[in-house]
Structures are given as C-alpha cells and as structure tokens.
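Here the structure comes first, spelled out in structure tokens, and everything after it is commentary.
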Amino acid sequence: MAVRAKATRSTSRRRTVAVNAKSARTASAARARPGERPQAHRRVVAPVKAHQPAASPSASPYTKALRFLATLSDYEKMRIVRYNSQNFDLDRMRTLLRKLGNPQDHFRCVHVAGTKGKGSTCAMLAAMLEGNGYKVGLYTSPHLVDIRERIQINGQMISQPDFARLVRMIQPMVLRARPTPTYFDVLTAIAFKYFAEQKVDIAVIETGLGGRLDSTNVVKPEVTAITSISKDHMAQLGGTLDKIAEEKAGIFKPGVPAVTVMQPPEVEAVLKRVAEKVGAPLDITGKTIEFSYRFESSRMLGPHNRVCLTTPQSKFEHLAVPLLGEHQALNCGLALAVIDRLKMRGFALNDQRCMEGLARTQIPGRMELICTNPRVLVDGAHNAASIDAMMRAIGQHIPYDSMVVIFGCCADKDVPGMLERITSGADKVIFTNVNNIRTADPEELAARYVELYGKMAQVAPNLSAALEIANRAVTKEDLICITGSFYLVGEAKKLFASGSAPVRPV
0 MAVRAKATRS
10 TSRRRTVAVN
20 AKSARTASAA
30 RARPGERPQA
40 HRRVVAPVKA
50 HQPAASPSAS
60 PYTKALRFLA
70 TLSDYEKMRI
80 VRYNSQNFDL
90 DRMRTLLRKL
100 GNPQDHFRCV
110 HVAGTKGKGS
120 TCAMLAAMLE
130 GNGYKVGLYT
140 SPHLVDIRER
150 IQINGQMISQ
160 PDFARLVRMI
170 QPMVLRARPT
180 PTYFDVLTAI
190 AFKYFAEQKV
200 DIAVIETGLG
210 GRLDSTNVVK
220 PEVTAITSIS
230 KDHMAQLGGT
240 LDKIAEEKAG
250 IFKPGVPAVT
260 VMQPPEVEAV
270 LKRVAEKVGA
280 PLDITGKTIE
290 FSYRFESSRM
300 LGPHNRVCLT
310 TPQSKFEHLA
320 VPLLGEHQAL
330 NCGLALAVID
340 RLKMRGFALN
350 DQRCMEGLAR
360 TQIPGRMELI
370 CTNPRVLVDG
380 AHNAASIDAM
390 MRAIGQHIPY
400 DSMVVIFGCC
410 ADKDVPGMLE
420 RITSGADKVI
430 FTNVNNIRTA
440 DPEELAARYV
450 ELYGKMAQVA
460 PNLSAALEIA
470 NRAVTKEDLI
480 CITGSFYLVG
490 EAKKLFASGS
500 APVRPV
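Residue numbers (numbering that gives the first Met the number 0): 0 to 505.
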C-alpha cells in the first residue's frame, strides 16, 4: 500500500502523501482505476424536483435567485447522468420557452458545438461582431467565478438585478412544470429571454453538453460551427470519436451553413454524412476554405501565431491571434470562417474592424497568468487533447526553469490520457481534489501516475494546501500551473482575487 505521511494538525490542515513507484503498484492493484467506481456503487441520477429552502427575509433578490437555482438538478454536479431524451429533454425546454414567449425566435444567432475550443471560438467571434458595431449576446458555460459570466452583452455580464428579476419571472413556471426543468435549462432560458429583451443584433450560443439533445439546440441559427472534437464526456456521448461527433453534429440545420476545423478522419466522415443527410452545406478550414497559420516571435508581440483565411467574400492576411497556443490559431480560423458565412447571410462586416475586434479578445481561465511572484498560470484544460495543447503552448510562449503542476479533475474524464500528457512538461505534480462531487480521488491519481511513469507525486487535500507545497518548491524562474478542470481554475481565481491564496513572493 501507499506510504502516507502522518497527518498533523495545523492551520492549513494539509496532508501530503509521497508515493513511490513500488508501493503505488501494490496500492493500485486493490483500487479501481481513476474515473471508475465499483459496479455496486454505480447509480443513475434522473432529474428530480428539489424543494426550495426557505430564504432569509433579509436576503437580497440576487441571493434568493441563486438559492432557487441551487435547488434544481444540475448535471454538472452529478456523478453519473444517463444521456437520453428523458434527462436531456428538448420538449421540456421548448415548453418552458413557449411560456416565456419563445424568446429564442427574436434574435439571430450562431450556434457552436465541439469538444475543445468552444469558449475561445465564441469569444473571438463575439469580439469581431462587436468590433463591427453590432450588439452581441454571448452565452457560454461553465462559469469560473460568477454565474453571470455565462450571460453577456458586448462583454458586460448581466446585472444582478436583471438576473434576479428573470429568475423571479421564471420560477413559478419551473415549479409548476412536469418534468421540472434543470439548472442548465433555466440558465439557458434566462439568457434567451435577456437577449430578446435587450434586442441584441446577434447572439453567439455555446452548447453545454453534446449538441443533439443540448438545451441550446432549440435556436434557429444563421451559421453552425463545430470546434475540434476529441474524447470527453464519453460516459454520456459514447466511447468513440464517431459517436461523439454524431452528437455534436446534431446542431446542423437544413440549409444553414456549417463550418468546422480539420478533424480526425472518422470525425470528418461523420460530420460530412450528417450534414449531407440534414441538408447543411459544410465547409472545413484548411480544406474547402483556404486557411493557414504560422508561429513567429517579434519584439512587440513576443511569441504568437498569425493566421490567413481567404474566401470570395473575405481576405484575412497575417492576423495576430490574441490568445496563446497553436490550438487558438485553429479556433481563430474557425471564428473567421463563421464571419465569412455571416457576410453571405447579409451581415455587414468589415475585415479591418474584425481584426481590431479580434485583437481585444480576452478569455479568463485559458493560459491565464494570475500571479507573477510566484508565477501561477491557470488553464481549464480537461481532456487529453487540451492538456497536450496547453503543454505545447506553454513550451512555445512561456520560458521557465522548472514547472510544478497542480492537477485535479473529474472522475468521468479521460484520466489516463491526461496523466500521460502531464508528463511531457511537469517536473513535479501535486494532485488535489476538485470542488465538485465528481472529483477524482487525488490519491488514486497519484498512485496511477507513479505506476505508469515511475515519477514522484504528492497529494494535497485541497487547492490551498497544494499551493503551499508548490510555493515552497519554486523560484522566480519557475512556473506553477493549475489545470485539469474549470472548477479547479475557478477556485484558484477566487483565491487569488480575494487575496487569500497561501503564497508568498519567492
């Protein structure tokens, strides 16, 4: 069994476990693999209506709104949810929206699905549209710190009073509905109602899970876009890339232009087949759309990528991508392809203004440096492909002597794949819990890591304890990278923003 350091009482209540390769092999034989649960403990959670706890009379309307939302079924916080049309019920969503006056029919939109890069693509697209003077709604998930991050217009989050008002409006409808709408259903309905009220010119809508059965898949888009597809949410969407691609392609609509990036062959075949069956004209950047990118470094911009995309309607040449990493060049190309298709749909979009808007794009929680001494980088990479992209981006853009990775993830992810990618750049790994019921056991992660790669690993019970360990291990030239889950990244941002992160200058 694993050798554990004896726990001692301290203000941080931290527990550190050093695991060596020999003991980890013994321990791991008696354990389930990370991300697996013994069969006897598996259970399926269906949507249930929870009773709303009594709110304090002195609580603000916004606080009451958050408390009500907390009573709803939140699939993001459930261990196992069966992916079917009962739990992911579009009729339930349509009924709720009908009671609200079908707000989704009162604004034009772009619908974006995919495994990784959805948030970045949506943000770049929204910035370019806003740069052209349009009033742009943006709906994304999950949030990092504030739930209102999910619903924005021209970069401004929905206000607390508006959020509370819309929750109060929708609450009676939700309580009377059978089956009861979920947490994500309600947030999606609030976003659509808010965009309709505010008369946005166009909204950029990101799917939550999959596409075919996602709550957002009730919109009538001008363009649909599919970002890079890789293995994620396999328990819900299927264990193979072609099954995952089939679900993502569920957002294609008859006669609506669709664009995607270069995909693995089996994914491309599925997307083409579904597009043809639906009657959606599909184009691929780098294939049917002329697209290229290159990495360069300059004194003014430092290391960065530049992209070129050319069509009969557009000529974007050598645009500097505002976000770090080769993967962001691909996301940028996809956003530009959407812009091109919107021109074909009658939107007045100037290439120069698109470039200026693009340059202003900012994405929290993606390759974001949240502390400079010690240097702490956060990235919400949460599958093998995104961890790989993050590690390559760090290697290209951020010089360091040694890197300490603080890693936590949900148990339903491709844990072995992520652990393999971490080894490419990490000199030290500290495994910790994610603030979510689906968290993978950090001791199991450490045991698996040591067993597979023969490297030392440490375990901390929470992010604060992990940061204390990392802080003691780094110098000014080193880097602390927090990754594996948006939940862990959100917790890190809260800690540093509040000044309560247990780190000191090195």
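Positions of the beta carbon are idealized from the N, C-alpha and C atoms, including for glycine.
All figures in this text were calculated on a predicted structure; none of them were measured in a lab.
CA-to-CA, the gap between Leu71 and Ala64 works out to about 12 angstroms.
Annotation: the continuous alpha helix (DSSP H) that includes Glu443 extends over Pro441 to Tyr452. By the 16-neighbour rule on beta-carbons within 10 angstroms, Arg107 is buried.
Here Asn330 is buried, its C-beta having at least 16 other C-beta atoms within 10 Å.
Annotation: Ala224 to Val258 spans about 5 angstroms, alpha carbon to alpha carbon.
Taking 8 angstroms as the upper bound for CB-CB distance, Thr120 and Ala334 are in contact here, some 5 angstroms apart. Shown here, Ile189 sits in a helix according to DSSP, grouped into three states.
Classified as buried, Ser214 has 16 or more neighbouring CB atoms from the shown chains inside 10 Å of its CB.
The beta carbon of Arg503 is closer than 8 angstroms to those of Asn470 in its chain, skipping five residues each way along the sequence. With contact defined as three or more Cβ pairs closer than 8 angstroms, the segment 279-292 and the segment 303-311 are in contact.
Under DSSP, the beta-bridge partners assigned to Ala257 are Thr223 and Leu281. In the DSSP assignment, Ala425 falls outside any alpha helix (DSSP H), carrying neither H nor E. Beyond the five residues adjoining it in sequence on each side, Lys475 comes within less than 6 angstroms, by CB distance, of Val505 in the same chain, given in chain order. Val277 has its alpha-carbon roughly 20 angstroms from the corresponding atom of Ala336. Per DSSP, reduced to three states, the secondary structure at Arg305 is strand. By the beta-carbon neighbour count (other beta carbons within 10 angstroms, threshold 16), Lys412 is buried. Val203 sits away from Glu245, with the two beta carbons spaced by 9 angstroms or more. Under the three-state reduction of DSSP output, Glu476 falls in the coil class, being neither helix nor strand.
Inclusion of Gly356 and Ala188 in the CB contact set at 9 angstroms is not warranted, their separation being larger than that value. Ranking Asn372, Ala392, Thr438 and Glu419 by CA distance to the CA of Val473 puts Asn372 first.
Bounds of the alpha helix (DSSP H) holding Ser497 are Phe485 to Ser497. Closest in C-alpha terms to Gln262, from the list Gly285, Phe251, Arg167 and Lys342, comes Gly285. Straight-line measurement puts the Cα of Thr482 at about 16 angstroms from the Cα of Val144. Distance from the CA of Asp104 to the CA of Leu341, rounded to the nearest whole angstrom, comes to 18 angstroms. In the structure shown, the three-state DSSP call for His381 is coil. DSSP, read as helix, strand or coil, puts Lys276 in helix. Boundaries of the alpha helix (DSSP H) around Tyr61: Pro60 to Leu68. Straight through space, the alpha carbons of Met354 and Ser401 are spaced by roughly 36 angstroms. Contact check for Pro102 against Lys219 fails: the beta carbons are separated by 9 angstroms or more. Residue environment: Lys247 is assigned as buried (16 or more neighbouring CB atoms within 10 Å of its CB, all protein chains considered). Between Val433 and Gly407, the C-beta gap is smaller than 9 angstroms, which places the two residues in contact. Per DSSP, the continuous beta strand (DSSP E) segment holding Val203 begins and ends at Ile201 to Glu205. DSSP, reduced to helix, strand and coil, places Gln262 outside both helices and strands of the structure shown, so it counts as coil. Judged by their CB atoms, Ile250 and Ala112 are nearer to each other than the 9 angstroms cut-off. Of the candidates Pro302, Ser296 and Thr226, Thr226 places its Cα closest to the Cα of Val266. Asp378 and Arg359 do not touch by the CB rule: their CB atoms are close to 21 angstroms apart, not below 8 angstroms.
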